[in-house]
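Heads up: the structure comes next, in structure tokens.
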Amino acid sequence: MRLSNYIIVICLSLTIINCGENNSSKDTGLSIKTNREFAMFGDTLKLSIDNPKKLNITGVTFKLDNKTISDNKILNDVTLGEKTISAVVKYDDNTQTLTQSFKIYNNIIPNYYSYEIVNTYPHDITSYTQGLEFHNGELYESTGQYKESKLRKVNFETGEVLKNINLDDEYFAEGLTVLDDKIYQLTWREKRGFVYDVNSFEKLSTFNYGKSEEGWGICNDGSQLFKSDGTEKIWIINPENLTEQSHIEVYTEKGKIPALNELEWIDGKIFANIYQRNGVVIINPKTGGVEGVIDFKPLRKLVTQHPELDVLNGIAYHPERKTIFVTGKNWDKLFEVTIKKK
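Residue numbers (the numbering used here): 379 to 720.
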């Protein structure tokens with residue numbers, strides 16, 4: 379659903395001249411002028427320079443997040459979220475760089491999905507689940523809390539722990555993913571991740587985070603890693619050198635979705651828990667746009683209620699069964715579900 383017409387009407391009603399928050403110079407009076415204060419994916423962004431002192435401008439170069447763009451840019455090859463527009467303005471023998479912030483929202487309303495429980499399995503009620511993933515039919519789980527963090531391989535049908543290692547007490551384990559027979563496990567505030575051999579659980583190496591402050595969830599598309607940090611950002615990591623190459627920001631047609639937690643790659647999309655919301659959003663990994671929402675809140679009422687019971691966390695896709703497995707922190711059940719659009 380395109381909402382750009384509504385935005386234009388609102389923007390024009392606020393007066394065209396003031397549409398867009400400009401960063402101007404007191405000396406020259408130059409500022410960037412936009413046709414809207416924010417845009418939707420696919421809209422046309424028109425840029426110009428407001429020149430109240432009638433300076434002799436001889437050239438202007440516009441950039442969006444350091445990529446050169448035209449002054450009449452169709453926003454169909456960009457990621458969503460907070461952006462920086464800059465303009466290098468040449469006048470007489472001088473050059474001035476202007477900047478302003480700008481936001482791009484998604485241009486569709488997310489689909490809503492219902493779910494159907496296919497099977498229910500036992501789950502260790504003491505496991506503070508942070509990451510969950512299937513690899514070659516085996517279920518791997520990362521559990522959190524200081525002095526209680528673990529890496530496990532679990533028989534999902536019986537709940538039996540097949541392999542387990544405990545992390546050192548100073549680490550709070552978070553999400554995990556498996557790529558090329560290596561397990562990548564995050565820690566929360568320690569800014570460090572671990573790489574293990576998937577068969578032996580031998581620790582192969584460690585890696586440090588880059589610009590992301592914390593580790594929350596992680597998944598992969600078969601060639602690169604995607605990491606959440608508790609904000610609206612998902613960081614794209616090169617598995618060869620484990621550096622953060624770039625990031626996407628997760629937005630709906632109304633604004634950003636913060637507190638992204640556990641991640642799972644399913645059929646070309648990123649499924650992400652929203653912390654404390656007991657729901658999952660379905661994200662386009664190319665743009666960051668939210669395309670779907672699944673409300674799993676009713677599942678919490680189906681598990682044993684106890685003082686340590688916490689929120690939904692843990693999404694694992696079983697590609698052979700075409701089903702999704704979900705659980706939560708200190709839940710005694712693991713649910714196998716299918717989803718469909720409402």
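All C-beta atoms in this analysis are idealised placements derived from N, C-alpha and C, irrespective of residue type, glycine included.
All figures in this text were calculated on a predicted structure; none of them were measured in a lab.
Quick test of your reading: residue i and residue j, contact by CB under 8 angstroms. State the CB separation rounded to the nearest angstrom.
| i | j | result |
| --- | --- | --- |
| Gly571 | Glu592 | Going by Cβ atoms, the distance from Gly571 to Glu592 rounds to 11 angstroms, so no, they are not a contact pair. |
| Val715 | Tyr493 | 4 angstroms |
| Leu554 | Ile614 | Contact doesn't hold; Cβ gap of about 17 angstroms is too wide. |
| Tyr562 | Leu603 | 6 angstroms |
| Thr665 | Thr457 | 5 angstroms |
| Val556 | Val576 | 6 angstroms |
| Leu425 | Ile410 | 7 angstroms |
| Lys461 | Asp443 | 5 angstroms |
| Ser527 | Gly509 | Not confirmed; about 11 angstroms, so no contact. |
| Glu640 | Gly692 | 6 angstroms |
Consult DSSP for residue i and reduce its assignment to one of helix, strand or coil.
| i | result |
| --- | --- |
| Pro636 | coil |
| Arg567 | coil |
| Lys679 | helix |
| Tyr695 | strand |
| Asn533 | coil |
| Glu552 | strand |
| Lys719 | strand |
| Ser409 | strand |
| Ser492 | strand |
| Lys432 | coil |
| Phe594 | The question names Phe, but residue 594 is Trp in the sequence shown. Three-state result, Trp594: coil. |
| Val456 | coil |
| Val668 | strand |
| Asp688 | coil |
| Ile619 | Ile is not the amino acid found at residue 619; the sequence shown has Asn there. Here Asn619 sits in coil by DSSP. |
| Asp599 | coil |
| Lys525 | coil |
| Thr701 | strand |
| Asp449 | coil |
| Thr462 | strand |
| Gly588 | coil |
| Gln654 | coil |
| Ser479 | strand |
| Thr630 | coil |
| Ser606 | strand |
| Gly706 | strand |
What's the gap between the Cα of residue i and the Cα of residue j?
| i | j | result |
| --- | --- | --- |
| Arg414 | Leu423 | 8 angstroms |
| Tyr506 | Leu529 | 11 angstroms |
| Ile644 | Leu564 | 20 angstroms |
| Lys481 | Ala637 | 19 angstroms |
| Tyr653 | Ser624 | 23 angstroms |
| Tyr524 | Asp673 | 29 angstroms |
| Asp559 | Ile626 | 26 angstroms |
| Glu622 | Asp421 | 29 angstroms |
| Gly657 | Lys675 | 6 angstroms |
| Val629 | Lys720 | The question names Val, yet the displayed sequence has Tyr at residue 629. Each residue's Cα considered, the two are about 21 angstroms apart. |
| Tyr469 | Asp428 | 13 angstroms |
| Val659 | Lys718 | 14 angstroms |
| Phe440 | Phe579 | 50 angstroms |
| Gly459 | Met418 | 10 angstroms |
| Glu642 | Phe649 | 5 angstroms |
| Gly522 | Asp502 | 13 angstroms |
| Glu516 | Asp710 | 19 angstroms |
| Gly407 | Leu677 | 58 angstroms |
| Lys632 | Asn542 | 43 angstroms |
| Thr477 | Phe416 | 15 angstroms |
| Thr504 | Glu552 | 15 angstroms |
| Lys451 | Leu540 | 55 angstroms |
| Ser606 | Gly667 | 15 angstroms |
| Glu511 | His696 | 8 angstroms |
| Asn472 | Pro430 | 17 angstroms |
| Ala694 | Ile661 | 16 angstroms |
| Pro663 | Ile635 | 14 angstroms |
| Ser723 | Asn616 | Residue 723 is absent from the structure shown; the chain starts at 379 and stops at 720. |
| Thr701 | Asn598 | 18 angstroms |
| Trp566 | Gly600 | 24 angstroms |
| Lys531 | Leu545 | 14 angstroms |
Is residue i close to chain D, meaning its C-beta is less than 8 angstroms from at least one C-beta of that chain?
| i | result |
| --- | --- |
| Asn691 | In the structure shown, chain D does not exist; there is a single protein chain. |
Opposite residue i in the DSSP bridges: which residues?
| i | result |
| --- | --- |
| Asn484 | For Asn484, which the question treats as bridged, DSSP gives no partner whatsoever. |
| Pro500 | Lys711 |
| Asn542 | Arg530 |
| His625 | Trp613 |
| Asp443 | Bridge partners of Asp443: none, in fact. |
| His513 | Glu516 |
| Phe649 | Glu642, Ile660 |
| Tyr562 | Thr555, Val573 |
| Tyr469 | Ile435, Asn472 |
| Asp673 | Gly657 |
| Ser426 | Lys411 |
- Taking contact to mean at least 3 C-beta pairs separated by less than 8 angstroms, is the segment 535-542 in contact with the segment 492-506? With the rule of 3 Cβ pairs closer than 8 angstroms, the segment 535-542 counts as touching the segment 492-506.
- Query: Taking one C-beta from the segment 480-490 and one from the segment 682-695 each time, how about it: are there three or more such pairs within less than 8 angstroms?
  - Reply: Contact between the segment 480-490 and the segment 682-695 is absent: fewer than three C-beta pairs spanning the two stretches fall below 8 angstroms.
- Message: Three or more C-beta pairs under 8 angstroms: does that hold for the segment 675-684 against the segment 705-713?
- Response: Touching, yes, given that three or more Cβ pairs across the two stretches are closer than 8 angstroms.
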